[in-house]
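In this note's numbering, the protein residues as written are -9 to 248.
The beta carbon of each residue, even a glycine, is placed where N, CA and C say it ideally should be.
Predicted model only: the values in this text are computed from it and were never measured.
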Amino acid sequence: MAPTYEIYALSPGAVTRDWSTRLYLGPVGETTTSAYFLWLLRGPGGPIVVDTGFTPRLCRVKGTAVEQLRTRESLLAAAEVDPGEIKTVILTHLHWDHFDLEGFLPKATFWVQKRELDFWRGAGGRDPWIRRFISDCFDRDLEAIDSSGRLKVVDGNLRLVDGVQLEWVGGHSPGMQIVIVQSATGPFVIANDALTTYRNLRDWAPPAIHLNSIAECLGAMARIKQLAGGDESRICPGHDGEVYKKFPEIKSGMYRLA
Ligand SMILES: [Zn+2]
-9 MAPTYEIYAL SPGAVTRDWS TRLYLGPVGE TTTSAYFLWL LRGPGGPIVV
41 DTGFTPRLCR VKGTAVEQLR TRESLLAAAE VDPGEIKTVI LTHLHWDHFD
91 LEGFLPKATF WVQKRELDFW RGAGGRDPWI RRFISDCFDR DLEAIDSSGR
141 LKVVDGNLRL VDGVQLEWVG GHSPGMQIVI VQSATGPFVI ANDALTTYRN
191 LRDWAPPAIH LNSIAECLGA MARIKQLAGG DESRICPGHD GEVYKKFPEI
241 KSGMYRLA
């Protein structure tokens, strides 16, 4: 039988945001619960973490007032995972709420798309306005994993291990990748910010943040829909508070997706 994984969303918390920050040219003055996540896959390839979350310090620096912030250490502790022992981390993209190390996950190898690295090492990383999307520790964090041989570059699609597939989609960020995970009940898509919320699919509206291309965003959404067979319960977006209601919370901030 093909290997399968249990899939969990771990949420540090949420903020209230205007819909126009999630849906491109979306309604102004209408608010949504905008949640933050990292993900944990448990299966034969060992625990795999998807994205790193962020420190309370960086959250403050970014002016994001998450109510009752749970730390990533406490979320992983609730899942009975020692961050010091994690070997494999998938980075969906490198924006600050998805990539912030500051010494976290010291033994892990990080899988990133080539186009994401090229962008941030090139034009994106040089532009002061675009840099708002990355951590103030970005250069140091990237250098730390690169110089220690813990940065792995993916160009396109990759079967990381049996049951976990990476797929480049672009759009939201040049090297945005989604993660397709085989669960006991079938394939599940960690769509992350290629979708940001379920409403992007329902209203067929690209994410409000699209550093690369709206056409790529729409292509990504079509691909996510196809992979999940149109079933929202097989998709986890990057910032949707609806995840809190859609999936069972088995411990504080820990949601069982599949
Ligand atoms: Zn994000």
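My assumption, with CB atoms under 8 Å, is that residue i sits in contact with residue j. Please give the rounded CB distance.
i: H229; j: R12; result: 7 Å
i: P34; j: P(-7); result: 4 Å
i: I180; j: C127; result: The Cβ separation is near 24 Å, so there is no contact.
i: L148; j: L141; result: In fact, because the Cβ distance is near 14 Å, the residues do not count as touching under 8 Å.
i: Y(-5); j: G153; result: 6 Å
i: L65; j: G243; result: 5 Å
i: W9; j: T21; result: 7 Å
i: I76; j: L95; result: 5 Å
Taking 8 Å as the limit between beta carbons, can you name the residues of its chain near residue i, skipping five residues before and five after?
i: E57; result: G3, A4, V5
i: G165; result: H83, L84, V102, Q103, K104, R105, E106, L107, D108, F109, W158
i: D124; result: The displayed chain sequence assigns Ile, not Asp, to residue 124. Answer for I124: L84, H85, W86, F89, W110, G115, listed in chain order.
Could you check whether the Cβ of residue i sits closer than 6 Å to any heavy atom belonging to ligand 1?
i: G228; result: yes
i: H85; result: yes
i: D108; result: no
i: D90; result: no
i: D41; result: no
i: D126; result: no
i: D8; result: no
i: D193; result: no
i: D183; result: yes
Give every residue of the same chain whose Cβ lies closer than 7 Å to the Cβ of residue i, excluding the five residues on either side of it in the sequence, and list them in chain order.
i: L208; result: P196
i: E63; result: P73
i: W71; result: Trp is not the amino acid found at residue 71; the sequence shown has Val there. So the list reads L30, P37, once near-sequence residues are dropped.
i: T45; result: D90, E92
Just to confirm the assignment, what range does the alpha helix (DSSP H) spanning residue i have?
i: R111; result: 104 to 111
i: Y188; result: 188 to 192
i: D136; result: 128 to 137
i: K77; result: Looking at the DSSP string, K77 is not in any alpha helix (DSSP H), and its letter there is neither H nor E.
i: E63; result: 62 to 68
i: M244; result: Looking at the DSSP string, M244 is not in any alpha helix (DSSP H); the run it does join, the beta strand (DSSP E), is 244 to 246.
i: E206; result: 204 to 217
Just to confirm the assignment, what range does the beta strand (DSSP E) spanning residue i have?
i: M166; result: Segment: none, M166 is in no beta strand (DSSP E) and carries neither H nor E.
i: K235; result: Run containing K235: none in the beta strand (DSSP E); it sits in the alpha helix (DSSP H), 233 to 236.
i: G3; result: -4 to 8
Short of 6 Å in beta carbon distance, which residues of its chain neighbour residue i, apart from the five on each side in sequence? Order them along the chain.
i: G114; result: I120
i: W29; result: A(-1), V40, I180
i: D183; result: H162, G228
i: T186; result: R12, P197, P227, G228, H229
i: D145; result: K104
i: P204; result: What sits at residue 204 in the sequence shown is Ile, not Pro. Cβ neighbours of I204 beyond the five flanking positions: P196.
Check your understanding: Of all the alpha helix (DSSP H) runs that stay within the bounds of the stretch 31 to 62, which reach a length of 4 or more residues?
Key -> Under the rule that a run must span 4 or more residues, the alpha helix (DSSP H) segments found entirely inside the stretch 31 to 62 read 46 to 51.
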